[in-house]
Amino acid sequence: MTFIFASWPVGWSRQQRSTLAMAAAAALLLVLLWLIAIPLAAAPEPIAANAQIFADGTRTTVKLTLAAALAGVLLGIVAALGKLSPVSLLRQAASFYIWVIRGTPLLVQILFVFLALPAWLPWLQMDDFTSACVALAFNAGAYNAESIRAGLLAVPKGQLEAAHSLGLSRWHTFADVIFPQAFKVALPPLVNNFISLLKDSSLAYAIGVVELTNVGNRLQAATFQPLPALVTTAVIYLALTTVLTQFSNAVEQRMDVEGRRR
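Add 40 to a position in the sequence shown, counting from 1, and you land on the number used in the working numbering.
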């Protein structure tokens, strides 16, 4: 979707427009989460009677997505650095993690974390929300790792040599020189992964997480009216993805990602 503040207000700099867009998208998301029950309560039955349940499910979906996305970025950074490590064991471990996650269905991963992992490790007991968050985070981390690794490889070696010649430590070289440039390159695919994660969070219904899809599925099963329940679910997902896409586009614009229209 087109960045809504790409050329307005006239006379504002790109940074000012992107900051405005980020604030507007964040505010819209908060309003959506806070007041979503009001328009749903005005909808025809059976939606009106279940407006608050839909609102709670929407908030659970957003919480699950944000928590898994943050953890997924951290895991992606660790896995990307592992694949680029000179230590063979770290490279193999990172490659194995990415291979397993990308080669198996997300639903199987969610079921494994919720059902098989506690049976294998009895001391590790997690509720349904935590299990879904862990599975989604590890799944997102594997896909983020390849994006971040590509970003790191795209940074010219001359940047590293220049940092060393200035006497910067390895940590400062990575944190202040290499990673900021790599993150700009990796940001567009990371944004796509984030939006996909929002939609993939619907699979958490399989282990009983009362998120948006679960709410819609329960309602259509209880009322035998699939059309209003599923249409409402789809419209809410569409609203969430639209707002989050606008916010993500504004972040890209703010960071001056190469290739974006000024």
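Every residue, glycine too, gets a C-beta built ideally from N, C-alpha and C. No experiment lies behind these values; they were computed from the predicted model shown.
My guess is that R142 and A182 are in contact by the Cβ rule of under 8 Å, so how many angstroms apart are they, rounded?
-> Contact annotation, R142 with A182: C-beta distance approximately 5 Å; criterion of less than 8 Å satisfied.
D216 classed as buried or exposed, judged by whether at least 16 other C-beta atoms fall within 10 angstroms | By the 10 Å Cβ count, D216 comes out exposed.
Between Q132, E186, Q286, V225, which lies nearest to I235 when the distance is taken from Cα to Cα?
-> Among Q132, E186, Q286, V225, the Cα nearest to that of I235 is on Q286.
Grab me the residues of C117's own chain with a C-beta within less than 7 Å of its C-beta, minus the 5 sequence neighbours each way, in chain order.
-> The sequence shown places Ile at residue 117, rather than the Cys named in the question. Excluding positions up to five away in sequence, the list reads I188.
Could you pull out every unbroken beta strand (DSSP E) segment of at least 3 residues lying fully inside the region 122-169, listed in chain order?
-> The DSSP assignment places no complete beta strand (DSSP E) segment of no fewer than 3 residues inside the region 122-169.
Could you give the uninterrupted runs of the beta strand (DSSP E) lying entirely in the region 58-107, keeping only those of 3 residues or more?
-> Taking only runs of at least 3 residues, no beta strand (DSSP E) segment lies wholly in the region 58-107.
Alpha carbon to alpha carbon, how far is G256 from T273? Give it in angstroms, no decimals.
-> In a straight line, the C-alpha of T273 is about 6 Å away from that of G256.
A246 versus Q149 - alpha carbon distance = Spanning the two alpha carbons is a distance of roughly 11 Å.
Whole-angstrom Cβ separation of L278 and L238, contact assumed at under 8 Å?
-> Distance from L278 to L238 at the Cβ level is roughly 11 Å; contact not present, criterion being Cβ atoms closer than 8 Å.
Should the region 97-106 be regarded as contacting the region 248-255, the criterion being three or more beta carbon pairs within less than 8 Å?
-> These segments touch.
Sequence-distant residues of its chain with Cβ nearer than 7 Å to A177 (five each side left out) = Same-chain partners within the cutoff: A108, A111, G112, L115.
Leaving out five residues on either side along the sequence, give the residues of the same chain with a beta carbon under 7 Å from the beta carbon of L147.
-> Only L243, A246 meet the Cβ criterion.
Could you tell me whether the Cβ atoms of F154 and S171 are closer together than 7 Å?
-> Yes, the Cβ-Cβ distance between F154 and S171 is below 7 Å.
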